[in-house]
Every structure is written in structure tokens, then in C-alpha cells.
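Each remark here refers to the structure printed beneath this line.
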Amino acid sequence: MMKRMLSVFVLCVPMMVQAQYKSLVWSPDNGDGTYTNPVINADYSDPDVCVGASGEDYYMTASSFQCVPGLPILHSKDLVNWEIINYALGNLYEGDCKLLEHFSKPQHGAGVWAPSIRYHDGWYYIYWGDPDFGVYMVKTQDPAGKWEAPVCIIKGTGYIDTTPLWDDDGKCYLVNGWANSRSKFASVLTVREMSPDGLKPIGDPVIVFDGNGTANRTCEGPKFYKRDGWYWIMCPAGGVPEGFQLAMRSKSPFGPYEHKIVLAQGKTNINGPHQGGWVHTKYGEDWFLHFQDKEAYGRVVHLNPVDWSTGWPIMGKKGEPVTTYKKPKSSSNVIVNPVESDEFNAPTLGKQWAWHANYDEKFGTATAFGTYRIYNYKLSEGWKNFWEVPNMLLQKTPADEFTVTTKLRMTSKADGQMGGLIMMGLDYQALVVKRVGKTFQLVVTTCQQADKGKAPEETLIATLKPTAEDQIDYHPGIHEDIYLRLQVTLPDAEKLKNNQQGFDGRPQVRFSYSLDGKKFTDCGEAYKMRQGKWIGAKFGFVSVETDPKCDRGWIDVDWIRVTHS
């Protein structure tokens, strides 16, 4: 009864509920006019930000690679408190049947790379490079509303990390990096002139910076700006975990550019601070949002002040990242964080969730019963492991340490059908309920080097009698009601190492289960979490089967709650 009342409340006042969400595991706002980095302790890789039309709203997007929906849209009033409000992309790429089919299976590490978001002449634009297909753009007049269908403005391979700049005279320019994995060269940035509407190139690319053979190798992720008559390109260099942030300036968009390191780890424990977006606020302040690579957790978002007094954008505290700092000036005092827990009472999926490939309605859907149903994905003959599964419903890890508990029902129509809770990456571990005959087995399945096609290993934890059986049905199912839990912790030795030397990213995951939601039993050995392909590890649900002819089974997820470890 209580859950049904909550469902009505959520449906009636969704914006109020969203605006009041405060994470139990990480909130950067200290409540005293200061904040602690990271401002988002989750994998929003390659973030970019723009100031909205009002001057009081900030919008962020980030790489989403093959995951859908794509291009998350986050909103903030103060650059510290962020919430997920939308996605600019649905499936990749709707309107192109060939590409839509291509992304119907997980294309790990492909898709949407390092987008840029800009506000220009009443429109919000996002540009990104898909390294396999070209440069794309979407636009809208309301970031929280409908975004137009993506347009491919430059076809080809190797293009990444694209940013437009509309100049004072109405001309438009585009800067981009290059993916060595496709183009077989990298560490150069090119600028070309675009049509004034930004929809097609009208000039050839010009190499404006070359980091090859220097400490500025792996220069990529450029962002294009103009300030006080200077053209500015801000980009990372020196590698991802260990790199730094460059700023370069020229009186011409085509260079030559002089450059300077404006942010580096220095004596701090914040490794590789770079690649993000600069904003100038209506209050006259300057800030830089960027990522830190925390390996298994992915690339989390930091906020640093920017000082232009020397003529260069020196970031943080004299060029080193800050841990705690005074908040940006703002008219808002609302504390809000990206949503993590989900009661699954709404008729639409929560914005924290994403699929591992283009969504098909047979993956799963909301129900009218306060649950979310995920059908068993039919694995093909000769399948190797869950790396191939497109219908995993996953979200980003929200903190260094946290606990995830979920209540679900497994419904099985045939032998071998299974579903449960997973921590997914290049390696993975899952706790699943699997039908064997007329019973269920609770199994821990662990796979090392899933991306290399290695086979998983299974550990039997318990044999469970069904909690319910269908009496009337063409193919009667059996059901198991169960509580599953995973706990992420960072061992004391790793905490000390991270504090002294920068983040190493060796958290461990331990699964447990309960039949009554009160007493939980540990399952198997702790597993060391590992990142995915260009993304952090993600947790959520897996639901699969191997029989191509049987009726699908499914899991009905009642709720999932994220709390302190």
C-alpha cells in the first residue's frame, strides 16, 4: 500500500522529487559555502559545459560511447550541484537503418566520443566525433526537451573530440582531434572553416598543433573559445591518467598557437586533471570542469577556479587542482545530486539507467505494478560471456564506497533461464538466480578478461525452492522472490596509497543475498572491480537464457537502493 501511495506521489510531482534528491553516498556541497571535489563522483567522461540563455543555468554533457540513451544532459545552478535532466540521443543512430542495426549489439568503446555543448543564437548544439562514421551534431532550443535528430556533417573515420566556434563576424570554425586507432596518426589538432550554420565544412583542415615527439603527446579533446580578441584552444596532453591541461592562444583561428600548461597534478593526489570545459559566469567568475581518471570508477568530474590575471587561464590553486574550495557565486542554495536509487514506480525508466546497446522493447519495460521487467535475452549459440549481452540495464558507480540492495522476482519458463545483479566491466561478477529443473540455483558467475572472450566460472551458493508456481498457464512458470546485494569497498591499504600517490582504483565487490530482506549471507570471494572499454565499471541487472525456442523468462525488479557501505 505504501509503495502504491508513493507511486501516485511520484507521478503527480516528478520535478519536486527530482529536485530534492540528495545522494546518501556522495554530495559535494558541504553546506557552508564550500564544496569538495569531485562535484560528480561518477563516470561522466570528457565533460563539457555551457552557460544557458538565462545566465543562471549550466548544462553539461559527456561521452556515452555505445550506451543508450546517449549524450546525457545534466543541469546545475551553481556548477556544484548537478542533476540528470535528459538525454540528447535515443538509439544510435535512428534514421540510418544500417547504423541502427550496427549498434543493436554492444560495440564497446565505439559511438559517441568527447562531445561539446554550445549555446548560440537561441539554440543549444552538441557536436561529437564518432571515430567510425564521422562528425555529428544535434540541437534544441530546450535542453530538457526534445532534441532534433542527429545530422552527420562530416563523413569519415578517425574524427574525434569536435568543438565549434562561432566568431564575432558570423563565421564558424571547427576544431577536432584524431583517433590513432582509426586514422593511424594522433597528437595533432586541426581547425577548418564551416558554413555559418555549422552544418558543413567549407574549408580544408589545417594542423594548428602537433604534440608528436614531445611531452604534449596525446593532445586531444580540444575546446574552442574566443576571449578579448584571442582564439583559445584548451586541451589535455601527456596521456589520460598522468596527463595535464594545456591552454593555447592565437590571433587567428588557424594559428600559430603559443601554449602553456595551466593545470597539472603537482603535489596533489589528483592525477591527470584535464579535458573539460571553461565557463565565464554572469557574476564575473571563471571556472573549469574536467575529469580525473579513477580507473575502475571511470572518469569523475572536478571543478576548479580559473585565474586570468596573467593573461593565461591558470586553473585551480596556482595551476594545481583544489580538493575543497568556495562555491561559485549563485542565486541558488539547492543541494541536489544525480539520482541513483529507484523504486520503479514511474511509467518511464529513471534517467540514471542506460542499456549496453540500442534499445529493443523486448529488452524490458516498465509495468503498472511498481516494478521494472527485464526479459531474458536469448544468447546465440556459441556465446562466450555477458560481454555480448545488449539488454543489461546499468548505471554508473556513484562513490568510492557504497552498497546496492535490490528486491526482485525471477520468473522462469524453462531450464537455464537466469537473472540478477551484476558489476560489469572488462572483468565482471554477477549474482544470479538460475533455473535448474524445478528448482533455482543461486550462482556467482565471474569472468576475467570478458572483453577477450574468456569463459566465466560459476560458483554454486545455494539451491532454492520456488516461492511460487503458476497453476494455470500454457507454459507455467516458477518464481523466486529474493533480495540481492553488492557492496563496494576500498581496502585500507588502497586508501592509504590513493591518499599518498593519486588514485589507483582497486575497489573490491562482495555479493550477498537474503530471502527475507533482513539477514544477508555473503556469496563467494570478493572480486576486484575493473573498468569497461573507455568507461567505468557499471552496476545493474542482467537477464539471459540460452534456449532459442522456449518462452522468455524475466526478472521483475521491485526496487534498488544505494546506501553507504
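Going by our numbering, the first residue of the sequence shown is number 542, and it counts up by one from there. Where is the CB? At the ideal position from N, CA and C, for every residue including glycine.
Item                                                                                                                                                              : Value
Go ahead and pull the three-state DSSP assignment for W707.                                                                                                       : strand
Just reading off the beta strand (DSSP E) that N845 is part of, what are its end residues?                                                                        : 840–848
W896 and C713 - do their beta-carbons sit closer together than 8 Å?                                                                                               : no
Can you name the start and end residues of the alpha helix (DSSP H) that K858 belongs to?                                                                         : K858 -> no alpha helix (DSSP H), and no H or E assigned at all.
How about the stretch 761–773 and the stretch 733–742: do they share at least three Cβ pairs that are nearer than 8 Å?                                            : no
Express the C-alpha separation of E624 and A560 in angstroms, rounding to a whole number.                                                                         : Because A560 sits at a pLDDT of 48, beneath the cut-off of 50, its placement in the model cannot be relied upon, and the following sentence gives the value as read from the coordinates. One C-alpha to the other measures close to 8 Å.
Where are the beta strand (DSSP E) runs, 3 residues long or more, that stay fully inside the stretch 631–672, in chain order?                                     : 654–661, 664–671
Taking contact to mean 3 or more Cβ pairs, one atom from each stretch, closer than 8 Å, check whether the stretch 800–807 and the stretch 591–601 are in contact. : no
So what's E942 in DSSP terms, helix, strand or just coil?                                                                                                         : coil
Below 8 Å between beta carbons: does that hold for T1104 and T944?                                                                                                : yes
The alpha helix (DSSP H) with S1084 in it runs from where to where?                                                                                               : No alpha helix (DSSP H) contains S1084, which is instead part of the beta strand (DSSP E) from 1079–1086.
Hey, out of A887, F904, V880, D901, whose CA is closest to Q893's CA?                                                                                             : V880
At the level of alpha carbons, what is the spacing between E734 and V820?                                                                                         : 23 Å
Scan the stretch 738–791 and note each continuous beta strand (DSSP E) run of 3 residues or more that stays entirely inside, going in chain order.                : 747–751, 764–768, 771–778, 785–791
Considering only the alpha carbon of each residue, which of P691, V877, Q682 lies closest to G670?                                                                : P691
Below 8 Å on the Cβ atoms is my contact criterion, and I expect P997 with N926 to pass it. Report the Cβ-Cβ distance as a whole number of Å.                      : 5 Å
Does the Cβ of C760 have 16 or more other Cβ atoms within 10 Å, making it buried, or fewer, making it exposed?                                                    : buried
Taking 7 Å as the cut-off, is the CB of S657 close to at least one heavy atom of the ligand ADP?                                                                  : Annotation note on the ligand ADP: not contained in the displayed structure, which lists no ligands.
Is A655 near F606, with beta carbons less than 8 Å apart?                                                                                                         : no
Mapping DSSP to helix, strand and coil, what is R1102?                                                                                                            : strand
To which residues does DSSP link C1115 through a beta bridge?                                                                                                     : The question about residue 1115 has no answer here: the residues shown for the chain are numbered 542 through 1106.
Am I right that G911 and N874 are in contact with their C-beta atoms under 8 Å? What's the rounded C-beta distance?                                               : Actually they are not in contact, since the Cβ atoms of G911 and N874 sit about 34 Å apart, beyond 8 Å.
Measure the alpha-carbon distance for T947 versus D1097 and round it to whole angstroms.                                                                          : 11 Å
Less than 8 Å between the C-beta atoms of V984 and I1002, yes or no?                                                                                              : yes
Assign D1033 to one of three DSSP states: helix, strand, or coil.                                                                                                 : helix
If you count every other CB in all the chains shown that lies within 10 Å of the CB of I774, and 16 or more means buried, which is it?                            : buried
Of the choices L844, E884, D1011, whose alpha-carbon is the least far from that of K867?                                                                          : L844
For M542, name the three-state secondary structure that DSSP assigns.                                                                                             : Caution is warranted here: a pLDDT of 38 is assigned to M542, below 50, making its placement in the model unreliable, and no coordinate value can be reported.
Determine the direct distance from the alpha carbon of K680 to that of A955, and round the result to whole angstroms.                                             : 46 Å
What do you reckon, are the CB atoms on R976 and H1020 nearer than 8 Å?                                                                                           : no
Quick one: residues in its chain with C-beta nearer than 8 Å to the C-beta of I907, no 5 flanking neighbours on either side, listed in chain order?               : According to the sequence shown, residue 907 is Ala rather than Ile. Taken in chain order, the residues that qualify are F885, A887, P888, T889, L890, Y913, R914.
Check E1109 in the structure and name its three-state DSSP category.                                                                                              : Residue 1109 lies beyond the stretch modelled for the chain, which goes from 542 to 1106, so this question has no answer here.
Looking at C-beta atoms only, is the number of pairs between the stretch 961–975 and the stretch 1075–1086 that lie closer than 8 Å three or more?                : yes
Whose C-beta lies closer than 7 Å to the C-beta of L508 among residues of the same chain, with five residues either side of it excluded?                          : Residue 508 lies beyond the stretch modelled for the chain, which goes from 542 to 1106, so this question has no answer here.
Can you tell me where the alpha helix (DSSP H) with R1047 in it begins and where it stops?                                                                        : No alpha helix (DSSP H) holds R1047; DSSP gives it neither H nor E.
Measuring alpha carbon to alpha carbon, tell me which of F644, Q682, V676 ends up nearest H661.                                                                   : Q682
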